[in-house]
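Novice: Pasting a structure here, questions to come.
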Amino acid sequence: MNRIKIQLPEHLTFITTVPIRITDINYGNHVGNQVFFELIQEARVRFLQQFDYGELNFEGVGLIMADAAIEFHSEVLYGDNIEIAVGISDIANSSFNIFYLLTVLRNEKRIRAAKAKTGIVCFNYAEKKVVAIPALAKEKLSSALTVSTNKSLD
-7 MNRIKIQLPE HLTFITTVPI RITDINYGNH VGNQVFFELI QEARVRFLQQ
43 FDYGELNFEG VGLIMADAAI EFHSEVLYGD NIEIAVGISD IANSSFNIFY
93 LLTVLRNEKR IRAAKAKTGI VCFNYAEKKV VAIPALAKEK LSSALTVSTN
143 KSLD
């Protein structure tokens, strides 16, 4: 069976840390698969906030997820703090990709937990249609391709 292989961009320019809660743990005594989507959404929201944006406030348009992939590497446990590095690539007319590297520090060792990718599309929710990335937003995103804009290294 072919497995998903996510190729991270060269620069992951934003890092944030999210604590794992007891409600994130499943019957296998580790973070459930669905929680990884919640973790990357939290990282995405924090990434956008550095530009004073939100998922529904992106220079007058919204954002919608067109696709998502997660490549799991190691389990994440209750009490872990998961560090999520974020980067972007493939800025097009109406879409861009966001990449995530999730790691935990346990027993003084850095452990890769997962890699993820989401395809993000600019969307006008009132008209229910895809729209172009606003020029100022495109400019700000482009600055995040290589320059670290991280304000929250934990």
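In terms of our numbering, the sequence shown opens at residue -7 and continues consecutively. No residue lacks a Cβ here, since even glycine has one placed at the ideal position from N, Cα and C. Just so we're clear, the structure is a prediction, and the values are computed from it rather than from any experiment.
I'd like to confirm the pairing. Which residues does DSSP put opposite Val123 in its beta bridges?
Specialist: According to DSSP, which records beta bridges pairwise, Val123 is partnered with nothing at all.
Novice: Just to confirm my understanding: we take Lys143, look at its own chain, exclude 5 residues before and 5 after, and list those with CB closer than 7 Å. What are they?
Specialist: Only weak support is given to the placement of Lys143: the predicted model assigns it a pLDDT of 41, under 50, and the value that follows is read from those uncertain coordinates. Gln42, listed in sequence order.
Novice: Can you find the residues in the same chain that come closer than 8 Å, C-beta to C-beta, to Arg104, ignoring five residues on each side of it along the sequence?
Specialist: Hits under 8 Å: His65, Ser66, Leu93, Leu94, Thr95.
Novice: Which residues in the same chain have their Cβ closer than 6 Å to the Cβ of Leu145, if we skip the five residues on either side of it in sequence?
Specialist: Model confidence at Leu145 stands at a pLDDT of 34, short of 50, so the residue's coordinates are unreliable; what they give is reported in the following sentence. So the qualifying residues of the chain are Ile7.
Novice: Beta-carbon within less than 8 Å of Ile83's beta-carbon, same chain only, minus the 5 sequence neighbours each way: which residues are those?
Specialist: Only Ile125, Lys130, Leu133, Ser134, Leu137 meet the Cβ criterion.
Novice: Please confirm if the stretch 8 to 15 is in contact with the stretch 52 to 71, defined as three or more CB-CB distances below 8 Å between the two stretches.
Specialist: The stretch 8 to 15 is in contact with the stretch 52 to 71.
Novice: Measure the alpha-carbon distance for Ala61 versus Ile(-2) and round it to whole angstroms.
Specialist: If you take the alpha carbons of Ala61 and Ile(-2), they lie about 8 Å apart.
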